[in-house]
Structure formats: C-alpha cells, structure tokens
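Numbering (the UniProt record's numbering), first residue to last: 1 to 1236.
Have a look at the structure below before the remarks.
Next comes the structure, spelled out in structure tokens:
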C-alpha cells in the first residue's frame, strides 16, 4: 500500500469575540438515501473528509482504501490509519440541480467541538446582507459532518466575495453565502473551534521493505510482531470473551460501524437455496446426506431454529450454502460449506464486514522440522474445533441460513436456522479459534508448564503435533492435553503415534485412537501430518499418489492440465525436489512457447511429461525417515551443512544434519531442499541495479551469520545439489545415497574433507585487484596527444558536455587534495562548453585564430572578414556588430562564431530545437542567435530539423484550400486581446493521486498581434470555463469581442457572460469592466475555418505539447507549468521575416506588444544601473515617452511589414508547392470506392 502522511490539528478557544468559519447546510445523498448535513470549507486541508456515521446512514459505497500516517496536535510520531474512500453527492437545499459529487475519506469525527452557525447582528444583516441567502442558518444546531478540502474547495466556492467590514467577509458558494471572520461578541459559555488536516507526500520506503521480505523468505525468520490494528483486535477479543456452561463465548471482530449497515443478503441466499432444492429433488442420496449433517447440527445444538422473540432491528445476514463431497474419504464424505462472501451489488458481505484477525498459528515449515526431532511422535485432532466455540447472542443473527424438511415443496416448508457456534467459512473463524485456545492455555502455565509450551507452539488450527524422548513423557503430555481441552468442551480424538507401547497405553485408558484408514483402498494406515502422509508402523513419511494418478488418468494434454498436476503435489520439505524439478522445467518450456491454456502441447513437451507421469506410480515406494535419529543424550556435536549449485536451468540448495555421537560414530540426515527454475526474462538496467543492492544486503547478512572458514567447495560429482540441475527419475531418487545422506566424506572426520586453496584476502578490502607489472622508462615523448573525446560518437549536446565535465573533474581530483563530489555544477558544464567551442573553432578557423593572435586581424580574403572577428579573454572567437552600446549581455552583443559544417553546431541546434518543444526553423534560429552566430545558419537549422524523427512524424500535410479574405477584426490596430478568439483543446490525461483524470485547454488568441493565452481547466463545463475566462481578463485586460466555435458549452457561457457583465457594471468591479460589455460572436456552424486565426494557434500549441510529452502522465500542476512555458515559446515566435544579416533589426513577435518590447523573462543585465539613472521626475517622464514611442514603432512595423507580408505569404501558394485542392470528382471517387 502507498502510505501518505496526514497532519491534523483541532483547536477550541473561549473568547469574547466570535469567529465564524465557512460552514454551509446541504443535503447529502446516495441513490435513494438522503440526510441533512453541515459542511466546512477549509483551504488548509488538502483532502476532503466525511464522518463515518453519515457514511453509514447513507450506505456510501467504498471505492478504495488509502493508508495514511496521522499526526495529532503535539505528537512527534505518526499513527498509521487506513481510510475508506467513499463517493458522496452534496445538493443545495433550494435547488437540487445545484450539486457537487466528491470523493472523501471516512473519519470518526470532523471536530470534537461544536462549530456554531453564523449569528450576526440584525443591523449588519439589513445593511450588507439583505437579499442574500445565507448558506448556514442560525437554527441549524447539528455538528459538521463533511470537510471540504482544497481538492474540492473551488468546486464549492464560486469566488465572489463581499466585504462587510474589516474583519468579516461573505463568500458565495453553491449553497449560499458563507460568513468568515469575527462577527461580534459571544457569551462567556460559548467557544470557537477549528479544524485543520494537512496531507503531505507519500512514503515509498514500505515498498522496498516488502520487496526485501519477499526475496528473503527462508533466510530471515518470519516477522511475528503484530501491528496496531492486530493488537486492537486482540485486546477487544480478550475483553469480550466469556466462559459459560463449560464453553467459551466469543464475539465476531466487526470493522468499525459496518455491523449496523450490513445488508441481510436475503434474496441471494433464497435464490441459491431454491437451486439447491432442485438438486435435492433430482438426487435423493445427496439430500439424505445433507439432512443427516443438518440434523446432527440441530441435535448437538450447533444450530437452532430462529426463535420468535428474535429482535428484527439487529444486524442479520443469510448465508448461502452448498455441499462438498470427498469420494476418497471413508468418513465425513459430505461437508456443508457456507458462503460468507456472498453479497448484492454495492453492498458489503459478512466477510468484508469482519476483521480477519492476526495470524496466531506457528510457521508450517518450522512445525514439520520440529516434528522430526523426537524418537516418539504423536498427533491428535480437536473434534469439531470451530463448532465447539459459542457465538455471542448479539452475533448469531448474522449466521442465518435456509433449510427445509421437504425439498419437493420447499416454498411451503422453508424455515430459518442460525448458528450458535463459530462456523468454518467466516474469514475470522481461524483467528477466533486460535485466540480462544491461547486464551484457555494461559490457565495452565504453572500447572502444566511443558504441556503448555507444547500446545502454545505446536497447535496448527485443529491439529496437535508433539514428541518426546520417552514413552512415559509422551503419555503424560497426552493425558494433560486431554484434561486441558476437556475443560472447554473441545474433545481430542484421532490419536496417532509411531510407538506401539504408547498406543497400547492409550487403548487401556480409553483414548479415541484413529484406527481406520482415511482413504478408500488404502493398504496401510494413512495418517496426515499437516498434509504429509505418515506411516506410523515404520515411522516414515511417504507420498500417497492414488488421487493424483486418478486425476491424471482423466486429464487432457494441455497447458492448463500440466499446471493442475503440479498444483496437486505437496512437498513442503523438498523430499522429492529432484523429481519435481523436471516438471518445473517443463512448465517453463511451455510458457516460453506461448501456448494458450487449452492448446494441445507439442510432442517435445508431451513425451517427457508422459514419462514423468509413468514414474509417478513408483513414488509410493519412496519413504523418508521421520526421525533424524539422534537425541540430545548421546550427541556431542550437531552441524548443519547446506549444499548449493546453479545452472542455466535451475538453482537449488539442500541441507543435512551431521551428528557426531559420543561413541565417535558420525551420521547424516536429510533436512530440506529448495529449488527454483532459472528465470527466462532478461532484467532491465533499473532491475539489475536493484538486484545489485539486494545482493549487497544479502552478502552483508551472510557475513553476519557465518564466517569465511565455514565456506568450502564441493566437487560437482559429490555435490547433492548438482542432482537438481538435471533432475532424476523416481527410481534413481529412491536409491540415491548421495541425495538422502549427502556425500560420503560428510560422514568422516574433517581431515578427509575436500581441500581447497584458500586465497589470502584482506577482510578489510574485499575488492579483487588485478596485478600490474612495474615498468621503468627513462623518457616518454608525446608527439600527438589527439582529441580528448571523439565528438562523432555523441548524439546529445548535454551528454557531450556532461561526459566532458566528468573527465575534467577526474583530472582535477587526481591533481588536488580537495575532491569534487556529487552532481555536476553549472560552472563545470560551462567549462566543458567553452572547451568544445575552442576545439570546434580551431578545427574550422585555425589559420584565422593564428592571424588574430599575431597581427590582431584576419586576412583580407577571409570569408569572415565582414563579421569583424576577435578573440576574447578566454581565447574564444567572437564577432562584433553594431550593438556594442546596447545593454544586452555580451553573448547577444558579440555572439560566439561557430562554423556551419561541424558536429558541435549540429548538436547545439538539435538541443535548442528539443529544448524549445520541437519548434520550427525560425524559432530555433532565434534561440541560437541569442548566444551564437553560424554563417548560413538557417540552412543548417533546416537541415538538422529535417532529421528530427518526431517532427517528421507530425509534419505530414493534407490537401489545402485556397485562402479566404481576412476578416476586418484582424486588420484593426487594437490593444492585445481587445478582439480575441477562443477555443477548447483536449482532452489530455493527468494523474491525481492514484486516479487518471481528463483536463482541457482554453486557448485565447489575439486577432491582431497573434499572441496566445493558455488556461488549463478540469472539465468542459460552463462554470469551469467562466473561471478560466475571469483569469484571462484579469491578466490580459478586458476584451470587447470574442470569437468562438458554436459549441453548446460556449452558447451557455455567452448567456452567463451577459449576466455576469451586467452584475459587474453595478458593483465594485467597475474598474475592471468599466461601462463596456463583451460582444460574443459565434462562427458559422460546421465551418471551423471561419475561426482559422485561433484554430491555427491550437496547432502551434499542440505540436510542442505532443512531442515533448509523448506518453508521459503528469500531475495537474506539472501540466499547468508546461502550458505556461509553451505559451511563452509560441508568443516568442517571430511575425516578420528573420534576416541572415547580423546587424539587421530584430523580428517582430507577439511579446513585443504583450510586454512593451521586453522579449525575455529575465531583467536587463544592468537593471540596477537603469534604476539609478531614473532618479528624477524628468528622467521618468522621458523614459515613459521612450516606451510609448517604442510601442508606436511596433504598431508601424505591424502595419508596414506584418500585414503586407500576410498579403503575399498566403496568396495562392498552393500552385507553387505543386499541391491541389480536392475537386468534386475526388469526392465522387471516394464515395464510389468506399467499403460496403
């Protein structure tokens, strides 16, 4: 789960002044359920919350769960909580069509203190609020049950405010006007309260921890620590458990507030029972067995008929049930299985409403290993363990089920039964049983300490495993076990042991010994020890494969069947791993072939699988001693020896006990083995890096647990783990001394073990270092050092600079005692760039640079003579222009000269092209010329951009129509955005927490200056558009005419704007709108070319956005930032022609009009100097006149260059490009050739 942190703070103050919060009254609704509620709007809360009580009353559906870390006020450490996320609809009381649907987190309480509704003086109301509807009324005395956070704040608040006085403000919302601030005096007994919840970033450290635990399975012991929720469930269990009538009574562990909202599931249970009765009518034998079980339950008071006095208001749940029949069983062939996970759509099941509870059972692997420790072993079973724990009266009604004594007419004879005991089928039943047993065992800690220790650690569900070194000790323990469980009406039966003497003692004293075979046709006693077959006569484990052979005989030759066979083999200790590994490799081969589930397997798989199945019959003869054959009395040393090996097919390990007895004899015993098939998938670079970190942690753990002298090498032929690499047959496995006892030398003294040459490696320096020979040389002559790096091998400008910077850092660190570490700094990248500029200039202009160094000028026949080149203090070649007295930075006044035919110039151009969102030739050239000058630069830029694959992908053009005349509004000299075009674009997906949502772009285009303004909105609704439009006119100034498409949303928006304009004329917004309204003009329906001047800008925006984003999924804030950057790039594109001459005037851009001649976001280089100069009134007036003159100059340039260029640029260019318009015949051919 992702974990986020939530800080919450709640304050309550008593004062003589009353502070009002933004509260409102609304109707909370879900489907047919509705409730009156109060909500609080708070911008300090990042998330919205709803109280669980309201959620329960409305039966709100749970969408998902989120885990948060909650910080309470004054606490230093958080408390982790899991919140349900629900969906709720909040309607206005006056207008049901005015509503808001939000997602909110469930919480117990929004505010413990009562937040009072507004109660202001009547004179203030008559003067400032008369005619306005208040959102929260004074007679509303209910608590706040919904908190509106910043995620939904502006969906509730419209943005309109009305200041009443200095400390009190009214804000309009969907539900009326909210009052915020100090409203006046309070009485002494009243108090103010406030709530704050802050959600911060997610914590992902849990993900790495979970990854380590999964990969470390079997290396570290299982984590038995319980979390806070588990401890709470255990505490509630201990507080509620009771002992009545020689039996324990327990309550079900309900989740918070889910018991009251539990649906009864009546319809589903009745429908499934009616289908079961139809089966009964066709199968009387099934009904007879079913009835015997139910009658047995009634007779033992496990179930009862629902009494007439049963309270109908309490929670109830009807359980569907069905029969499960095991034909291989002699007894208990039929079991009734109850379905507590059944539920109607949108409702909760019983299992969902209950906590599963902590796992209190011991580890299965450890239990089986411990069961082999003692020479005398025994097992027992708690008879009907679950059904011997009483259910509390308050929970019995959630275990109702239907039954009938006459399935032929079940509709007339149907009756309702319910359980008195804990039933198997409820997810919390295993916890209730284990917790009840552990609670009961606490009574016998001092009375039976050894038996208590055994039962506390070796009871798995209803199975008891035990062992001792003597018969007397085993018998004593079994007697004490009988006594302990009889005290709580849990009789033990099915006693089994490998000791004939112990079995005889049990028989004499009336122990219920299991003497009947568990399977039909079984020739020997088949006892199951946690799923493994145990032959008590010979005290060996074996594999009962009769059922598997029967299943294989009815199987098919498919991938599905292959996996079903593998899933029916249970070998937790790895006794037959060399045989099973062959099946695992076959499964991997099938997966590699890409076969479908029910596709027939080819012969290459079918043949080895058939051979594997034939050998399965011999598996019955494979036996494994249960006992390790050593006790603590005759042992002087016990060692654990793991062997491991790996190959291309699999990697594996096998473990043995090596026991040295007091008489000097040495024996070995098989303990366990593990194997995995080698993965086929090649790891990616990030996964390999993560694997490196994992291996590093594992090596560290190995060093902590072991010592280097304990590691040895085993020859391959003597390594039992090597058997797993190829797999062996059952016959070979049965007779393999190497597999069952390890290599022969393991049963000898250590002096006879294989010897290996140990490397003398310093523990403090585990890095293996290669040996170097010492070479003496008197003189080294470097005639030609060559290039530091080959620039032709680089395809990225930034990568070239970064690699060069790292090389320079390496050289610096080798020559200096102070070392540079961490990320590269700006100065290092700048030095790298200067290095490559000098290298490029030396290669292209070497002779010119030599002339400048000698005679301070280039020859008269040089091609760069007209550029007036010179060398700066860093020996970089620059050119002089006519802007030396300007206030531009040095790079703009005297740009760096770069040759046209150089790899460095191409990398630089491509970098600027990508950096500016794959802009066109002219824009890229403008960006380059801010620092560099490339002769015939336009040709080189065009050549580089033509190689851009992303631009090629989106540059395909369709047939074009002859351009029409410009509308009059585009030819008028108006201020920017006085006449604007408006369009929507999208949708585009963005990421919000774990959800993916849609957003749209609102694009405003100035008809005169071609400038654009972009706004990001979260929907196409009118309200969201109006908010975007208000932001636009607030930043760009008012507009008189707006052109837009004829969409329904814009029609509605136009009406709202007319109403909005009238209101603003009569209120405090006079300075904003003045006396002028907005004229809204819709273009002709289905004629988008009428809005060509803004439709073309949509394409200018979409192209860089599509190229730079690709398939990336950003957040709403990241998307907004990208839009602002694109807006700047588009507004920087020139309107007039960009000349090749260095001294020519700059091209005209929309930014010239939007920013009064300022084309960059950063301040001028000598901004402080300008401020100092403008110290007098006359100088400021002079500066103002200069700016006005400059703006007039822009408009003159707009008329004389831009408009005249438009006349020629778009005038019948189709013929020049050899492109034609589609004619009527084209459409006829399209219609004729379209598919029928």
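Ideal Cβ positions, reconstructed from N, Cα and C, are used throughout, including at glycine.
Note that the structure is predicted; figures quoted are calculated from it, not measured.
| Asked | Found |
| --- | --- |
| List, from N- to C-terminal side, the beta strand (DSSP E) runs of 3 residues or more that fit wholly inside the segment 13–60. | 17–20, 23–30, 33–41 and 49–51 |
| Give every residue of the same chain whose Cβ lies closer than 6 Å to the Cβ of residue 346, excluding the five residues on either side of it in the sequence, and list them in chain order. | 61 |
| To the nearest angstrom, how far is it from the Cα of residue 645 to the Cα of residue 722? | 6 Å |
| On the CB-based measure, 16 or more other CB atoms within 10 Å of its CB, does residue 497 come out buried or exposed? | buried |
| What residue range does the alpha helix (DSSP H) around residue 630 cover? | Where residue 630 is concerned, there is no enclosing alpha helix (DSSP H), given that its DSSP letter is neither H nor E. |
| Quick check on residue 872: does DSSP put it in helix, strand or coil? | coil |
| Between which two residues does the beta strand (DSSP E) carrying residue 466 extend? | 463–468 |
| Would you mind working out which of 543, 594 and 592 sits nearest residue 580, comparing C-alpha positions? | 543 |
| Using only the alpha-carbon positions, how far apart do residue 144 and residue 110 sit? | 7 Å |
| Between residue 919 and residue 1134, how many whole angstroms is the CB-CB distance? I'm expecting something under 8 Å. | In fact, because the Cβ distance is near 11 Å, the residues do not count as touching under 8 Å. |
| What are the start and end residues of the beta strand (DSSP E) that includes residue 1238? | Only positions 1 to 1236 of the chain appear in the structure, and residue 1238 is not among them; the question remains open. |
| Find out if the Cβ-Cβ distance for the pair residue 1308, residue 999 is shorter than 7 Å. | With the chain covering 1 to 1236 only, the question about residue 1308 has no answer from this structure. |
| Between 474, 1111, 1123 and 1118, which has its C-alpha nearest residue 1098's C-alpha? | 1123 |
| Alpha carbons only, please: which of 308, 50 and 996 is nearest the one belonging to residue 83? | 50 |
| Buried or exposed, going by whether 16 or more other CB atoms sit within 10 Å of the CB of residue 209? | Residue confidence is low: residue 209 scores 39 on pLDDT, short of 50, so the model does not pin down where it sits. No coordinate-derived value is stated. |
| Quick check for students: name the residue ranges of the alpha helix (DSSP H) that lie wholly in the segment 1073–1126, counting only runs of 4 or more. | 1092–1109 |
| Could you tell me the boundaries of the alpha helix (DSSP H) in which residue 1155 lies? | Where residue 1155 is concerned, there is no enclosing alpha helix (DSSP H), given that its DSSP letter is neither H nor E. |
| Looking at residue 472: is its Cβ nearer than 7 Å to the Cβ of residue 444? | no |
| Can you tell me whether residue 812 is buried or exposed? The criterion is at least 16 other CB atoms within 10 Å of its CB, across all chains shown. | exposed |
| Mind checking which residues open and close the alpha helix (DSSP H) that includes residue 471? | 471–486 |
| Taking 8 Å as the threshold, find out whether the segment 243–251 comes into contact with the segment 430–444 through three or more Cβ pairs. | yes |
| Express the C-alpha separation of residue 1182 and residue 1010 in angstroms, rounding to a whole number. | 30 Å |
| Hey, would you say residue 534 sits closer than 7 Å to residue 513, going by beta carbons? | no |
| Can you list, in chain order, the residues of its chain whose CB lies under 6 Å from that of residue 1039, leaving out five sequence neighbours each side? | 977, 978 and 980 |
| In whole angstroms, what is the alpha-carbon distance linking residue 19 and residue 827? | 54 Å |
| The beta strand (DSSP E) spanning residue 1308 covers which residue range? | Shown here, the chain extends from 1 to 1236; a query on residue 1308 therefore has no answer. |
| Under 8 Å by Cβ, that's how I've got residue 824 and residue 804 pegged, so tell me the actual separation to the nearest angstrom. | About 10 Å separates the two Cβ atoms, so there is no contact after all. |
| State the Cα-Cα distance for the pair residue 418 and residue 386, rounded to the nearest angstrom. | 15 Å |
| Helix, strand or coil: which one does DSSP assign to residue 434? | helix |
| Taking the C-alpha atoms as reference points, what is the distance between residue 842 and residue 796? | 21 Å |
| Which parts of the segment 221–291 are runs of the alpha helix (DSSP H), unbroken and 4 residues or longer, counting only runs that do not cross its ends? | 228–240 and 266–282 |
| Based on Cα-Cα distance, which residue from 398, 409 and 412 lies nearest to residue 423? | 398 |
| Can you give the Cα-Cα distance for residue 982 and residue 40, rounded to whole angstroms? | 36 Å |
| Which same chain residues, not among the five before or five after residue 101, have their C-beta less than 6 Å away from its C-beta? | 89 |
| Residue 78 bridges to which residues according to DSSP? | Looking at the DSSP assignment, residue 78 forms no beta bridge with any residue, so it has no partner. |
| I'd like to check one pair, residue 655 with residue 642: are the Cβ atoms closer than 7 Å? | yes |
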